[in-house]
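In terms of the numbering used here, the numbers along the sequence shown are unbroken and rise by one, the last being 484.
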Amino acid sequence: MEIAIIGSGYVGLVTGACFADVGHSVVCVDNDQKKVDGLQSGHIPIYEPGLEEVVYRNVSAHRLRFTNSTADGVDHSQIVFIAVPTPPQPDGSVDLTYIEKVAREIAEVLKEYRVIVDKSTVPVKTGEKVAETIRRYNKARVEFDVVSNPEFLREGCAVADLMNPDRIVIGSNSDRALALMKKVYEPFMAPIMVTDINSAELIKHAANSFLALKISYINAISAICEASDADVERVADGIGADKRIGRSFLNAGLGYGGSCFPKDVAAFIAISEQLRVPFTLLQEVERINGAQLERFLKKIRDTLWVLKDKRIAVWGLTFKPDTDDVRNSVAISLINNLLQEGAVVQVYDPKGMEKSAELKMCVGATLAKSAIAATENAEALVLATEWDEFKNVDFVQVRKSMHTPIIFDGRNLFDPSTMTELGFRYFGIGRSGVR
């Protein structure tokens, strides 16, 4: 199949590279010529395990190329995927400016039948607006179909997610479009769920909001565990063993962050209000998520007393491990709170330091060269992102490096008993007998 992907950001690049890897001919379109030139020469602007190799392999095999021309992409494809950003507006609703702009650009160059696919996360009924826009601005009056095909990629394992999906959702009211979409996904050997367009658009927001709900639920349980001297890890194991519930996303911590969950929960709340069916449950999910960081900061304040001039090491900048994405990272919020209270913060992250410095997200913090270097003379260590690298640090050396051996584990990464045996005062989230 010949495929165009308009938007070479996180979703567009991963999708395009993986489509090419199963044999499709893919052209990725982006309006940033510098990015296009870099991608064509093998420079990947994001860190995602395995992505660089997939891009390089398929550019070399001439199955994947990059351009800044929408006309080039539309002319040389049967299916055009829209994968541009859908950022949040101040009220939580979705800014569809980029979607509308791309729909107009497609309309202006559309000369024969194409399937136009919304891959970006968009509010329900966006497909109707995309179709209306293309009809309005397409002077050639050619036939086309609009399809919704939401993505379910997790940063840090997006290549694996796309190559081995749980399911593929295709929202389409056209047999012709559906037949072409099935050809695109035939090599992936995954279950295909066919729905109407509106249902497909709702599935993505509903899925991410439910996962956010699970995180806020276990974080609310962690507060009850701390008040009752129970252990949230044991509680999560107990309820997660029920197949109807499952253990995933029941990990107490600092709360959810990143580029998807906060945006999608806020958007779903706004969508429900626009439809006059207020989703008050999700408002509580947001409230719990915001309160979780403040509870953790209070734990640090209660233990260290005055934070001003205290030297605090922080491990982690990214919103999750195995990515360099620092957008809406709870770790960044935590660090900035510590800085605002006058703490001297020393930070280390395996992949996120370049992006955080570039975006000036932790101005005033010292970026250390290693996890051990960050702990030098520190009066406390805060674990903010659960990178595997931190599990394997020599804590005997950490103990010697620190001024006072106190650990605040914001992701429950470490074993409390082990930390205590090594001479640390350990504070987790919802852990019994260690406060």
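Glycine included, every Cβ here is placed at the ideal spot set by N, Cα and C.
Here the alpha carbon of A316 sits roughly 43 Å from the alpha carbon of T469.
Counting only the Cα atoms, I217 lies some 11 Å from I252. The beta-bridge partner set that DSSP reports for C77 consists of I54, F115. Here F345 is near G459, since their CB atoms are less than 8 Å apart.
Contact between G479 and C206 does not hold, since their C-beta atoms are separated by about 26 Å, which reaches or exceeds 8 Å.
By alpha-carbon distance to V75, the top candidate from I95, I52, P94, G58 is I52. A Cβ-Cβ distance of about 6 Å is found for the pair P370 and T434, placing them in contact under the 8 Å criterion. Between L353 and A256, the C-beta spacing is not below 8 Å.
Annotation: the continuous alpha helix (DSSP H) that includes Q446 extends over 444 to 450.
Taking C-beta separations shorter than 6 Å and ignoring five residues to either side along the sequence, the partners of A417 in its chain run Q395, Y397, A423, following chain order. Secondary structure remark: continuous beta strand (DSSP E) runs of at least 3 residues inside the region 143 to 202, in chain order: 163 to 167, 193 to 197.
For I421, the uninterrupted alpha helix (DSSP H) segment begins and ends at 420 to 423.
Only residues of its own chain outside the window of five on either side were considered, and among them N117 have a CB closer than 8 Å to the CB of N80, listed in chain order.
I456 is bridged by DSSP to L430, Y475. Residue pairing of I241 in beta bridges, as defined by DSSP: I217. Selection A285, S57, R106 evaluated against V133 yields S57 as nearest (Cα-Cα). A direct Cα-Cα distance of roughly 43 Å separates I264 from R185.
Shown here for I421: same chain residues with a beta carbon closer than 8 Å to its own, the five before and five after excluded, namely V442, D443, Q446, V447, S450 in chain order. Here the C-alpha atom of L159 lies approximately 18 Å from the C-alpha atom of L229. 8 Å or more divides the Cβ of V412 from the Cβ of A362. Under DSSP, P137 takes part in a beta bridge, and its partners are V143. The region 167 to 184 makes contact with the region 141 to 150, as at least three CB pairs between them are under 8 Å.
Taking 8 Å as the cut-off, the Cβ atoms of V104 and I131 do not count as close. With contacts defined by Cβ atoms closer than 8 Å, L299 and G289 form a contacting pair. The C-beta of L324 has fewer than 16 other C-beta atoms within 10 Å across all chains shown, which makes the residue exposed. Judged by their CB atoms, I155 and I148 are not nearer to each other than the 8 Å cut-off.
Taking E403 as the centre and dropping the five residues before and after it, the same chain places the C-beta of D373 closer than 8 Å to its C-beta, in chain order. The C-beta of P136 has fewer than 16 other C-beta atoms within 10 Å across all chains shown, which makes the residue exposed. Proximity to G304 across I381, I183, L342 peaks at L342, based on C-alpha coordinates.
Under the three-state reduction of DSSP output, R360 falls in the strand class. Nearest to L356 by C-alpha distance, out of R336, K440, N385, Q332, is N385. The DSSP-derived three-state label of F130 is strand. Taken through DSSP and simplified to helix, strand or coil, L416 comes out as strand.
V78 places its beta carbon less than 8 Å from that of I54.
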